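Counting with my numbering, you get residues 865 to 1131 for the letters of the sequence shown. See structure below.
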Amino acid sequence: MPSKVAIAIGAHPDDIEFYMAGTLLMLKQAGYEIHYMTVANGNCGSVQYNAAMTRSIRHAEARAAAKILGAHFHPSITNDLEIIYSLELLRGLAAVIREVKPAIVLTHSPQDYMEDHMNTSRLAVTAAFTRGMPNFKTVPPRPTADYEVTIYHAMTNGLCDQLRRRIIPGAFVNTTLVHKTQLKALGAHKSQQNWLDVSQGMNSFLLAAENMLLAVGRLSKKFKYAEGWRRHLHYGYCKLEADPLGRALGKNYLVNKTYERTLQRGF
Ligand SMILES: [Zn+2]
């Protein structure tokens, strides 16, 4: 039996709450131990405070959000806009994967509006790939283990990629039951209200999340609020048919037949 452990790996403090926390909460309700990590610390997310102050404020906010979610918190390993696909970050993230031993990894879409998100996705994917490879050294050093892991990629801001093309979810998770808690965790990132107003023209980041979750819910034609996911190709991770989100969430999970029809299998 695979262990009931899941980790959400986001780029910045508040990304998990925007794109992944509903599913994380549903997994917790299904008996999973859940983990929370953002690769970057959020130090650029302010026009009010300097980087050190911003980092410290956002670290506290992220910890508070993880507590609301009931998730184990893992500290960030770099600064905003410094999430480069690098050996240093790969070794750091692989160490976390080896500690946590997740059966499910939730992370960003490989296509997204900013590089930090896309590089987080790439780093998470490769960190999970190395879990059973003793010749790949992590920092700090952590022992390898042989187990199956399934990776799911989240939806994006605007539900499209960086070239404005639509991203269609491969599956939907009903987040209606945990919606209040998800927004409460997002609300813990108080410093971001002002920043997102100034930098990205969001009149309310809570409203932005509400609208996105409603929009994905409408796409599902079934759930009021939903998060969308695309499952990573299984090679190097798990069996072809492995879909632990579906197994864990049952009727609160819906495979998107529209997406399935777009898949072109090699063999
Ligand atoms: Zn972000």
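Cβ atoms here follow ideal geometry from the backbone N, Cα and C, with glycine treated the same way. Nothing here was measured: the structure is a model prediction, and the numbers come from that model.
(request) Apply the 10 Å Cβ neighbour rule to serine 1084 and answer buried if 16 or more other Cβ atoms are within range, or exposed otherwise. (result) Locating residue 1084 in the sequence shown gives position 220, counting from the first residue. By the 10 Å Cβ count, serine 1084 comes out buried.
(message) Residues around ligand 1, please: the condition is that the C-beta lies closer than 5 angstroms to some non-hydrogen atom of it.
(response) Ala875, His876, Asp879
(request) For proline 1146, count neighbouring C-beta atoms within 10 Å of its own C-beta (all shown protein chains included) and say buried if the count is 16 or more, exposed if not. (result) The chain is shown only over 865 to 1131; residue 1146 falls outside these bounds and no answer can be derived.
(message) For a quick check, are the C-beta atoms of leucine 1023 and leucine 987 less than 9 angstroms apart?
(response) Counting from one through the sequence shown, the residue named residue 1023 turns up at place 159. Counting from one through the sequence shown, the residue named residue 987 turns up at place 123. Going by C-beta atoms, leucine 1023 is not nearer than 9 angstroms to leucine 987.
(request) Indicate the three-state DSSP secondary structure (helix, strand or coil) for glycine 874 in the structure shown. (result) Within the sequence shown, numbered from 1, the residue matching residue 874 stands at position 10. Strand, per DSSP.
(request) Could you tell me if methionine 997 is buried or exposed, where buried requires 16 or more neighbouring beta carbons within 10 angstroms of its beta carbon? (result) Indexing the sequence shown from 1 puts residue 997 at position 133. Exposed, by the Cβ-count rule.
(message) Assess contact between the region 910-922 and the region 1028-1048, defined as three or more Cβ pairs (one per stretch) separated by less than 8 angstroms. Is contact present?
(response) no
(message) Which same chain residues end up closer than 8 angstroms to lysine 892 when comparing Cβ atoms and leaving out the 5 residues on each side of it in sequence?
(response) Along the sequence shown, one-based indexing puts residue 892 at 28. The residues are Ile898, Leu933, Gly934, Ala935.
(request) Could you pull out every unbroken alpha helix (DSSP H) segment of at least 4 residues lying fully inside the region 1020-1065, listed in chain order? (result) 1043-1051, 1055-1064
(message) Helix, strand or coil, according to DSSP, for glutamate 1012 in the structure here?
(response) Stepping through the sequence shown from its first residue, residue 1012 is reached at position 148. Residue state, collapsed to three classes: coil.
(message) Just to confirm the assignment: which complete alpha helix (DSSP H) runs, minimum length 4, are found wholly within the region 903-979?
(response) 915-933, 951-964
(message) Less than 9 angstroms between the beta carbons of histidine 876 and methionine 901, yes or no?
(response) Here residue 876 is taken as the residue at index 12 of the sequence shown, counted from 1. Here residue 901 is taken as the residue at index 37 of the sequence shown, counted from 1. The answer is no: Cβ separation not under 9 angstroms.
(request) Per DSSP, which residues does valine 1080 bridge with? Please list them. (result) Walking along the sequence shown from the start, residue 1080 turns up at place 216. In the DSSP output, where bridge partners are listed per residue, valine 1080 has none listed.
(request) Using DSSP bridges, identify the partner residues of isoleucine 898. (result) Residue 898 sits at position 34 when you count from the first residue of the sequence shown. According to DSSP, which records beta bridges pairwise, isoleucine 898 is partnered with Ala870.
(message) Using the three-state DSSP reduction, which class does arginine 1006 fall into: helix, strand or coil?
(response) Numbered from 1 along the sequence shown, position 142 holds the residue referred to as residue 1006. If DSSP states are grouped into helix, strand and coil, arginine 1006 belongs with coil.
(message) In the DSSP output, which residue or residues are listed as bridge partners for glutamate 881?
(response) The residue you call residue 881 lines up with position 17 of the sequence shown. Answer by DSSP bridge pairing: none, since glutamate 881 is not bridged.
(message) Suppose you measure from the CA of proline 1005 to the CA of leucine 1070; what does that come to, to the nearest Å?
(response) Along the sequence shown, one-based indexing puts residue 1005 at 141. Along the sequence shown, one-based indexing puts residue 1070 at 206. For proline 1005 and leucine 1070, the distance between alpha carbons rounds to 39 angstroms.
(message) Judging by CA-CA distance, which residue of Leu951, Ala872, Val903, Asn983 is the nearest neighbour of lysine 965?
(response) Residue numbering aside, residue 965 sits at position 101 when the sequence shown is read from its first letter. Taking only the C-alpha atoms, the option nearest lysine 965 is Ala872.
(message) Quick check on the burial criterion: 16 or more other C-beta atoms within 10 angstroms. Buried or exposed for isoleucine 941?
(response) Here residue 941 refers to the residue found at position 77 when the sequence shown is read from its first residue. Classification of isoleucine 941: buried, given that the 10 Å Cβ count is 16 or more.
(request) Would you kindly report the start and end of the unbroken alpha helix (DSSP H) that includes alanine 1106? (result) Taking the first residue of the sequence shown as 1, we reach residue 1106 at position 242. No alpha helix (DSSP H) holds alanine 1106; DSSP gives it neither H nor E.
(request) May I have the straight-line CA-CA distance separating histidine 1053 from aspartate 976, to the nearest angstrom? (result) Here residue 1053 is taken as the residue at index 189 of the sequence shown, counted from 1. Here residue 976 is taken as the residue at index 112 of the sequence shown, counted from 1. Distance between the alpha carbons of histidine 1053 and aspartate 976: 22 angstroms.
(request) Assess, as a yes-or-no matter, whether the region 1075-1091 is touched by the region 1036-1049 under the definition of 3 or more beta carbon pairs within less than 8 angstroms. (result) yes
(request) Would you give the residue range spanned by the alpha helix (DSSP H) that tyrosine 1123 belongs to? (result) For the purposes of this step, residue 1123 is identified with residue 259 of the sequence shown, where counting begins at 1. First-last of the alpha helix (DSSP H) with tyrosine 1123: 1121-1126.
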